[in-house]
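Everything on this sheet refers to the single structure shown next.
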Amino acid sequence: MRPSFHPLGLDDENEVASKMETSSIRQLWHQNGRCPKDTIPIRRTKKDDVMRASSVERYGKKRHHPYPDGDIIDCVHISHQPAFDHPSLKNHTIQMRPSFHPLGLYDEKRVASKMETSSIPQLWHQNGRCPEDTIPIRRTKKGDVPRASFIERFGKNMRRTIPNPTSIESNRNNNRHEHAIVYVRGGKYYGAKATINVWNPKLEHEDEFSLSQLWILGGPTEVLNTIEAGWHVDPFLYGDHRTRLFTFWTGDGYKSVGCYNLQCSGFVQVNKEVALGATIYPISSCGGRQYEITLSLWKDPKTGNWWLQYGNQSPVGYWPSSLLPHLSDSASAIQWGGEVVNLNSNGQHTSTKMGSGHFPEEGFGKASLFKNIRIVDKSNYLQAPRGIRTFATRSNCYNVHYKNNGYIYYGGPGRNPKCT
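Going by full-length UniProt numbering, the first residue of the sequence shown is number 1, and it counts up by one from there.
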């Protein structure tokens, strides 16, 4: 119950009193009492501590205070990010910048007629930035754990899919995912770009989602490789209805390899300003000011890595070439557009909105749009795609129109008198 000896001098050293005012120090909990004999005090672990232990300690995160959207952004040293848990990336050397940028990436002219648009900061920027040599990572909260485990248990096919424009019937029965897209296929594509205006579509059910994104695709369906980026509203994934920047990738046709954002090992982030999964704010308003984001994806011709850029900032990061063998040479298809999940509750089509919730024919300021859509060709040059085709799973629910000026208007309200 006590040591056999105390070190000599432990209790009898002279106290230094000159210029010092000292007091015995109590712990704060002593204000409310002490423990009785034959007991010891133990600080109780609270449920929030579990998530901090698993995330902060694992990756050495520096905590930022919660933001208005309830997120906590941690600044993680770039060498400690989740990417390097992947077996093929154990000895990976971080590529801090692309070897090449697509020609024309920074010199496109802005289309200003009839358009008042603004680039969008992320909401967490209101309270600061991450320091050099770190990256921002949205902290996984306790409510995210059961959602994440549910996705893993039942497979990613439930949450993600791609349209097959060659078969309308297969799309109508494809896990209740509905699309309104434009696409090119049949060539070799080395990247894509688009500017998308940002909305906050209303969802009917918590297990549905609504998104707008770019798809880069390659390989057979059963082992499809995709890289995807855009904005989405997905309460199942985040526990709220905010509009968020996201990425997704799969290396095996949405079975078990791949994930959103930084939720698994793979994507290597190098940018300290952009947090994947973070809230985008402000958003566009119907008939009012329009806010937009620009996303670029391209293959580095030297390393084979696929890069993501957000706006005109430095690139966000890259998917190493080893993760995506069917994109090692090039992509075989590019898609731009929207997607929703329709749970068809009570035998009725969902009222979950795609984009702004307005049909394409309502035009700028009301309908959702992509503009300045581009592909990267074999010469590493950004150019307007040729041979664009459109596809809508149910055009009476959600539709898409392609304009010759490179604009795509898309979206819809879901359930309506012609969509039941």
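Just so you know, even glycine gets a beta-carbon here, dropped at the ideal spot from N, CA and C.
Since we're looking at a predicted model, the values are computed, not measured.
To the nearest angstrom, how far is it from the Cα of Q269 to the Cα of P360?
-> Here residue 269 is taken as the residue at index 269 of the sequence shown, counted from 1. Here residue 360 is taken as the residue at index 360 of the sequence shown, counted from 1. If you take the alpha carbons of Q269 and P360, they lie about 35 angstroms apart.
In angstroms with no decimal places, state the Cα-to-Cα distance between H205 and K299.
-> Indexing the sequence shown from 1 puts residue 205 at position 205. Indexing the sequence shown from 1 puts residue 299 at position 299. When rounded, the distance between both Cα atoms is 37 angstroms.
If W199 sits next to I227, beta carbons under 8 angstroms apart, how far is it from one beta carbon to the other, in whole angstroms?
-> By one-based count along the sequence shown, residue 199 stands at place 199. By one-based count along the sequence shown, residue 227 stands at place 227. Between I227 and W199 the Cβ distance is about 23 angstroms, and since that is not below 8 angstroms, they are no contact.
Which first and last residues belong to the beta strand (DSSP E) in which F236 is found?
-> On the sequence shown, residue 236 is found 236 positions in, with the first residue counted as 1. Element bounds for F236: not the beta strand (DSSP E) but the alpha helix (DSSP H), 235-238.
E132 by DSSP, collapsed to three states: which one?
-> Taking the first residue of the sequence shown as 1, we reach residue 132 at position 132. E132 falls in the coil class under three-state DSSP.
Is the Cβ-Cβ distance between A192 and L297 less than 8 angstroms?
-> Sequence index remark: in the sequence shown, residue 192 carries index 192 (1-based). Sequence index remark: in the sequence shown, residue 297 carries index 297 (1-based). Yes.
Do you know offhand how far Y410's Cα is from N342's?
-> On the sequence shown, position 410 is the one that residue 410 refers to. On the sequence shown, position 342 is the one that residue 342 refers to. The alpha-carbon atoms of Y410 and N342 are separated by roughly 17 angstroms.
For L245, which of helix, strand or coil comes out of DSSP?
-> Position 245 of the sequence shown, counting from 1, holds the residue named residue 245. Of the three classes helix, strand and coil, the one that applies to L245 here is strand, per DSSP.
How do the segment 387-395 and the segment 182-192 stand: do at least 3 beta-carbon pairs fall below 8 angstroms, yes or no?
-> yes
Boundaries of the beta strand (DSSP E) in which N399 is found, first to last residue | Along the sequence shown, one-based indexing puts residue 399 at 399. N399 -> beta strand (DSSP E) spans 399-402.
CA nearest to the CA of L245, picked from Y254, L382, G287, T294 = Looking up residue 245 in the sequence shown gives position 245. That would be T294, whose Cα lies nearest to the Cα of L245.
Decide if the segment 262-282 is in contact with the segment 69-82; the criterion is three or more beta carbon pairs, one per stretch, under 8 angstroms apart.
-> yes
Excluding sequence positions up to five away, which residues of its chain have a Cβ less than 6 angstroms from the Cβ of S88?
-> In the sequence shown, residue 88 corresponds to position 88, counting from 1. Excluding residues within five positions, the ones whose Cβ falls inside 6 angstroms are S322.
For the beta strand (DSSP E) holding T390, just list the boundary residues, first then last.
-> Taking the first residue of the sequence shown as 1, we reach residue 390 at position 390. Where T390 is concerned, the enclosing beta strand (DSSP E) stretches over 389-392.
Keeping to the same chain, check which residues put their C-beta closer than 6 angstroms to that of V223; ignore five residues upstream and five downstream.
-> Working through the sequence shown from its first residue, we reach residue 223 at position 223. The residues are D252, G253.
Start-to-end residues for the beta strand (DSSP E) that takes in K299 | Residue numbering aside, residue 299 sits at position 299 when the sequence shown is read from its first letter. K299 -> beta strand (DSSP E) spans 290-299.
Please confirm whether P201 and G412 have their CB atoms less than 8 angstroms apart.
-> For the purposes of this step, residue 201 is identified with residue 201 of the sequence shown, where counting begins at 1. For the purposes of this step, residue 412 is identified with residue 412 of the sequence shown, where counting begins at 1. Result no, Cβ atoms of P201 and G412 do not sit closer than 8 angstroms.
Own chain residues within Cβ distance below 8 angstroms of P3, not counting five before or after | The count along the sequence shown starts at 1 and reaches residue 3 at position 3. The answer is none, since no qualifying residue turns up.
So N344 packs on R176, CB below 8 angstroms; how close in whole Å?
-> To locate residue 344, count along the sequence shown from 1; it is residue 344. To locate residue 176, count along the sequence shown from 1; it is residue 176. Indeed they touch by this definition, with Cβ atoms about 6 angstroms apart.
What three-state label does DSSP hand W199 in the structure shown?
-> Position 199 of the sequence shown, counted from the start, is the residue given in the question as residue 199. Note: W199 maps to coil in three-state DSSP.
State yes or no: is the beta carbon of V376 nearer than 8 angstroms to at least one beta carbon in chain B?
-> Any reference to chain B falls outside this structure, which holds one protein chain only.
Count the other CB atoms within 10 Å of the CB of E132; is the residue buried (16 or more) or exposed (fewer)?
-> Residue 132 sits at position 132 when you count from the first residue of the sequence shown. It counts as exposed.
Sorted by chain position, which residues of the same chain lie with C-beta nearer than 7 angstroms to H349's C-beta, five sequence neighbours on each side aside?
-> To locate residue 349, count along the sequence shown from 1; it is residue 349. Answer for H349: N342, C397, G414, R415, C419, T420, listed in chain order.
Would you identify the three-state DSSP class for Q348, choosing helix, strand or coil?
-> Counting from 1 along the sequence shown, the entry for residue 348 is found at position 348. The answer is coil: DSSP assigns Q348 none of H, G, I, E or B.
Using the Cα positions of V376 and Y310, report the straight-line distance between them to the nearest angstrom.
-> For the purposes of this step, residue 376 is identified with residue 376 of the sequence shown, where counting begins at 1. For the purposes of this step, residue 310 is identified with residue 310 of the sequence shown, where counting begins at 1. The straight-line gap from Cα to Cα measures roughly 16 angstroms.
For C259, which of D240, N271, E273, G277 has the nearest alpha-carbon?
-> Here residue 259 refers to the residue found at position 259 when the sequence shown is read from its first residue. Checking every option, the nearest Cα to that of C259 belongs to G277.
Can you tell me where the beta strand (DSSP E) with D74 in it begins and where it stops?
-> Residue mapping note: residue 74 aligns to position 74 of the sequence shown, counting from 1. Where D74 is concerned, the enclosing beta strand (DSSP E) stretches over 73-77.
Mind checking whether T303 and S210 have CB atoms under 8 angstroms apart?
-> Mapped onto the sequence shown, residue 303 falls at position 303. Mapped onto the sequence shown, residue 210 falls at position 210. No, the pair does not count as a contact, with Cβ atoms beyond the cut-off.
Pick from P325, I408, T140 that is closest to V257, judged by C-alpha positions = Working through the sequence shown from its first residue, we reach residue 257 at position 257. Of the candidates P325, I408, T140, the one whose C-alpha sits nearest the C-alpha of V257 is P325.
Anticipated Cβ contact below 8 angstroms, W336 with L203, distance rounded | By 1-based counting over the sequence shown, the position of residue 336 is 336. By 1-based counting over the sequence shown, the position of residue 203 is 203. That belief does not hold up - the Cβ atoms of W336 and L203 are roughly 22 angstroms apart, past 8 angstroms.
So what does DSSP say about C419, is it helix, strand or coil?
-> Against the sequence shown, residue 419 aligns to sequence position 419. In the structure shown, C419 sits in a strand (DSSP, three-state: E or B).
Compare the beta carbon distance of G230 and Q290 with 8 angstroms and say whether it is the shorter of the two.
-> If you number the sequence shown from 1, residue 230 lands on position 230. If you number the sequence shown from 1, residue 290 lands on position 290. No, the pair does not count as a contact, with Cβ atoms beyond the cut-off.
Apart from the five residues on each side of it in sequence, which residues of its chain come closer than 7 angstroms, Cβ to Cβ, to L382?
-> If you number the sequence shown from 1, residue 382 lands on position 382. Correct list, in chain order: P102, L103, G104, L105, K193, R374, V376.
CB-CB length for D74 against R139, believed under 8 angstroms | Taking the first residue of the sequence shown as position 1, residue 74 is located at position 74. Taking the first residue of the sequence shown as position 1, residue 139 is located at position 139. Contact flag correct, Cβ pair sits at about 5 angstroms.
Let me know if T195 comes out buried or exposed under the rule of 16 or more other beta-carbons within 10 Å of its beta-carbon.
-> Here residue 195 refers to the residue found at position 195 when the sequence shown is read from its first residue. Buried is the call here.
Coarse secondary structure for L343, derived from DSSP in three states | Taking the first residue of the sequence shown as 1, we reach residue 343 at position 343. In the structure shown, L343 sits in coil (DSSP, three-state: anything other than H, G, I, E or B).
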